[in-house]
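Enquirer:
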Amino acid sequence: MDHSMIFLLKFLLWAHLFLAVVCLPTLGYVDRHRLETYEDFSEEGDLDFFNNLTFRFSCEGKPIGLYADLEYDCRIFHACDDSGKGFPVVCPNDTFFDQRERVCSDEGHVDCEHANEWYYLNELPFSVEVMEESRARAEEKEEIPSVLPLLLQ
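Quick note on numbering: the sequence shown equals residues -20 to -1, 1 to 133 in mature numbering (1 follows the signal peptide of the UniProt record, and there is no 0).
1) In whole angstroms, what is the alpha-carbon distance linking V83 and D53?
2) Are D72 and H58 closer than 8 Å when you measure CB to CB?
3) Please state if the CB of E87 and the CB of F76 are separated by a distance shorter than 8 Å.
4) Looking at the structure shown, is I56 part of a helix, part of a strand, or coil, going by DSSP?
5) Alpha carbons only, please: which of W98, G45, L50, E97 is nearest the one belonging to S63?
6) Put C84 into one of helix, strand or coil per three-state DSSP.
7) Below 8 Å on the Cβ atoms is my contact criterion, and I expect R55 with V70 to pass it. Report the Cβ-Cβ distance as a whole number of Å.
8) Under three-state DSSP, which class holds L50?
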């Protein structure tokens, strides 16, 4: 693989991370409460979560991607690069990392207990998975998406 391809893959990974963490949670509306800092609206015991964090999670041997940290109940995920190094990211405003969708989301939408079963999606970091419900809605309205997603069977 030449250097320009490696650069492009790294760029796309970081762009995906930026979209997943910053853009998607606020897409469509701006929720004033989510824009406030975590510390301003957290209970005192919640802040203990951030003191002296240590991680057993390792990116070694994993493909480039985003990985939920089950040890921290998916409140943290790790961004891994192709060299086996990575860094932890805390989901903002009391959200949890949804491994299947690879975004931070409300707790009710996240199945953290089984997040590791979705790690394999990182082997396909730039594909889009279409949910049956979304596909059915599009067919019902006879809409044609402007960008055709890659359907994974």
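For every residue, glycine included, the Cβ atom is placed at its ideal position computed from N, Cα and C.
Expert: Based on what the coordinates show:
1) 14 Å
2) Contrary to the premise, residue 72 reads as Pro rather than Asp in this sequence. With contacts defined as CB atoms closer than 8 Å, P72 and H58 fail to qualify as a contacting pair.
3) yes
4) strand
5) Closest by alpha carbon: G45.
6) strand
7) 7 Å
8) helix
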